[in-house]
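Beneath this line is the structure, given in structure tokens, with notes to follow.
There are 2 protein chains.
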Amino acid sequence: MTTSKSNFSKPLILVTNDDGIDAKGINELIKMIDSLGEILVVAPDSPRSGQSSAISSGYPLRLIPVEKKEDFTSFKTNGTPVDCIKLALNFLCDRRPDLLVSGINHGSNAGVSVVYSGTMGAAIEGAIVGIPSAGFSLCSHNPDANFSACSDIVTFTCRKLLEQGLPQSVCLNINIPASDKINGVKVCRQAHGYWTEEYDRRTDPYGKDYFWLTGQFINLEPDNEETDEWALAHNYISVVPTTYDQSAIKYIDTTRNLFSE
Amino acid sequence: MTTSKSNFSKPLILVTNDDGIDAKGINELIKMIDSLGEILVVAPDSPRSGQSSAISSGYPLRLIPVEKKEDFTSFKTNGTPVDCIKLALNFLCDRRPDLLVSGINHGSNAGVSVVYSGTMGAAIEGAIVGIPSAGFSLCSHNPDANFSACSDIVTFTCRKLLEQGLPQSVCLNINIPASDKINGVKVCRQAHGYWTEEYDRRTDPYGKDYFWLTGQFINLEPDNEETDEWALAHNYISVVPTTYDQSAIKYIDTTRNLFSE
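If you read the protein sequences in the order shown, they are chains A and B.
Per the working numbering, the first sequence starts with residue 11, numbered consecutively.
Per the working numbering, the second sequence starts with residue 11, numbered consecutively.
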């Protein structure tokens with residue numbers, strides 16, 4: 011089933027998202043990078059927001075070719091964003107991708123949202139297998155958002171990653187303000203914070219409660235210029251080098267003390 | 011719907027897992043820690059392995075009380091492990107939990123498996139909201155595994171966390187060899203590696219392919235004594251302090267260079 015067109019003169023760019031293959035964001039993304047290489051799209055068949063690095067083991071996965079007019083190869087799956095990457099690497103790529111791009115997400119993945127993000131789950135999967143990878147998100151949940159503010163940073167980043175790669179274990183979490191007055195790019199770290207008031211509680215016609223996820227982000231360090239949330243609040247594009255290595259190295263000794271007594 | 015029994019003399023311990031509320035692992039865990047505090051169980055109604063930090067926004071969630079003979083409060087949900095924690099904190103806890111415990115997972119969550127683990131997703135959620143949290147996993151996928159090797163480390167860890175807490179942003183990823191000859195406890199870091207040969211490809215009765223997730227872990231540093239995989243391979247219990255902060259701080263400058271040109 012190796013269907014990626016063999017064109018070894020061009021870099022191979024693997025594209026996915028978590029809003030699903032019909033979302034505007036991924037289709038705008040493809041237009042922005044189509045000239046940079048051979049594009050292979052493998053994306054969920056429907057929205058998979060908040061899927062983090064989830065993988066599907068409880069049911070079998072399908073890979074369905076998508077007919078498109080444009081000159082690139084496209085598949086949809088019934089899996090998560092990470093499933094899309096794993097399936098692509100196992101069955102669809104005739105060579106190792108030179109670049110993995112995820113997005114453009116409809117909505118921010120800055121701060122602690124990176125933990126829950128399927129967009130970033132896919133980029134982190136790329137880092138795990140050593141492919142230069144980036145997730146892009148526009149800070150607007152509008153399904154018909156204007157993605158033009160993303161164009162320059164998307165093409166710049168993809169060119170740079172194709173030329174220079176990234177250190178092993180790292181991918182990029184890039185968030186773009188929904189603004190036509192962007193002040194520039196800030197490389198920063200993930201802001202500390204959490205989500206609160208997280209559910210809309212309702213009662214069904216049979217008197218039983220059900221709960222819709224909602225809520226708002228509480229930024230614990232809104233004035234810290236080192237953070238992605240600060241950058242976005244001040245109309246900068248935020249770039250956070252992001253790793254799958256979740257070891258809290260600086261607390262190894264504290265933890266040793268806990269277990270040595 | 012605050013159903014946690016008010017007993018302020020005892021610490022409140024929130025328990026979840028990703029194998030589902032009927033798994034042997036969570037029920038063995040409850041027996042091990044029942045005497046340490048008031049237990050509130052909120053767990054998925056069926057297996058949710060590999061759910062990472064996924065949250066459910068595409069469908070409403072339910073909280074169903076579970077009748078048990080034992081003297082603790084128990085609910086099941088149709089959500090992920092992280093959904094369980096968020097629902098518990100929003101609707102079931104009459105006070106802030108003093109401890110969050112996830113597991114005992116049937117199977118290792120060492121190395122890069124922490125990224126995909128629903129068991130650890132729940133523990134990481136605890137760290138995000140500042141509750142001392144630990145995920146426990148036994149290195150056996152047997153549904154009827156013998157969990158007796160876990161008992162000492164589970165009760166020791168829970169006592170320590172209730173007494174001393176953990177630094178903000180950190181939880182513990184604790185993996186236990188399926189062995190009756192355990193050499194001790196090693197505090198370590200996540201081993202670098204990845205999964206390969208990840209699918210069992212089959213054809214359905216209608217001639218269409220489908221794919222079951224499978225595969226094996228490739229350890230990129232099997233001889234490194236600092237890693238959790240080394241500890242487990244040598245019959246030590248591994249303890250990795252684990253953070254939700256995925257910023258790759260040591261690559262901030264490298265990333266700045268990428269974007270400064």
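Where a beta carbon is used, it is the ideal one built from N, C-alpha and C, also for glycine.
Bear in mind the structure is a predicted one, so any value in this text is a computation, not a measurement.
Contact between B:Ser84 and B:Val111 is ruled out by a C-beta separation of about 14 Å, above the 8 Å threshold. Each residue's CA atom was taken as its position, placing A:Thr265 and B:Val197 some 7 Å apart. Burial state of B:Gly35 is buried, judged by a 10 Å Cβ sphere holding 16 or more other Cβ atoms. Taking 8 Å as the CB threshold, A:Asp162 stays off the interface with chain B. The continuous alpha helix (DSSP H) containing B:Ile40 extends over residues Lys34 to Ile43.
Pairing A:Asn152 with B:Ala120, the inter-Cα distance amounts to about 39 Å. For A:Arg266, the chain B residues whose C-beta falls within less than 7 Å of its own C-beta are Val197, listed in chain order. Taking CB atoms only, A:Ser62 has a neighbour in chain B less than 8 Å away. Taking CB atoms only, A:Glu208 has a neighbour in chain B less than 8 Å away. Going by DSSP, A:Phe166 is part of the alpha helix (DSSP H) stretching over Ser161 to Gln174. The Cβ-Cβ distance between A:Thr129 and A:Gly145 falls below 8 Å.
Collapsing the DSSP output to three states places A:Asp210 in a strand. Taking a Cβ-Cβ threshold of 9 Å, the residues of chain A close to B:Ser66 are Gly60 and Leu223, in chain order. If you compare the alpha carbons of B:Lys20, B:Tyr126 and B:Asn156 with that of B:Ala33, the shortest gap goes to B:Asn156.
Across the set A:Val122, A:Ile134, A:Asp219 and A:Ile74, the C-alpha of A:Ile74 shows the shortest separation from the C-alpha of B:Lys218. Its Cα nearest to that of B:Ile134, the residue B:Thr26 stands out among B:Thr26, B:Pro215 and B:Thr224. Listed along the chain, the chain A residues whose CB falls inside 7 Å of the CB of B:Thr253 are Gln256 and Ala258. Using a Cβ-Cβ cut-off of 7 Å, A:Lys170 is close to Leu268 of chain B, given in chain order.
A contact between stretches requires three or more CB pairs, one per stretch, nearer than 8 Å, and the region 192 to 207 of chain A meets this requirement with the region 234 to 249 of chain A.
The count of Cβ pairs closer than 8 Å, one atom from the region 156 to 175 of chain A and one from the region 208 to 218 of chain A, stays below three, leaving the stretches out of contact.
Nearest to A:Ile49 by alpha-carbon distance, out of A:Leu102, A:Ala258, A:Asp190 and A:Asp29, is A:Leu102. Among the residues of chain B, those whose CB is under 9 Å from the CB of A:Arg72 are Lys218, Asp219, Tyr220 and Phe221, following chain order. Under the three-state reduction of DSSP, B:Leu223 is assigned to strand.
Cβ proximity to chain B below 8 Å picks out Val249, Val250, Pro251, Thr252, Thr253 and Tyr254 from the region 229 to 254 of chain A. Against chain A, the CB of B:Gln226 has no partner CB under 8 Å away; the residue lies outside that interface. Contact of A:Val122 with chain B by beta-carbon distance below 8 Å involves Ile138 and Tyr254. Comparing alpha-carbon positions, the option among B:Leu176, B:Pro54, B:Val122 and B:Asn185 lying closest to B:Ala132 turns out to be B:Pro54.
DSSP places B:Glu231 in the coil class of the three-state scheme, outside both helix and strand. Contact annotation: B:Ala64 and A:Gly136 have beta-carbon atoms that are not nearer than 8 Å. For B:Arg106, the secondary structure class from DSSP, reduced to helix, strand or coil, is coil. Spatial neighbours of A:Leu176 in its own chain (CB-CB distance under 6 Å, excluding positions within 5 residues in sequence) are listed in chain order as Pro142. DSSP, read as helix, strand or coil, puts B:Ala53 in strand. B:Thr253 places its beta carbon less than 8 Å from that of A:Ala258. For B:Gly131, the secondary structure class from DSSP, reduced to helix, strand or coil, is helix. In the three-state reduction of the DSSP assignment, B:Lys96 falls in the helix class, which pools H, G and I. For B:Val180, the closest C-alpha among the options B:Val124, B:Asp255, B:Asp104 and B:Ser66 is that of B:Asp255.
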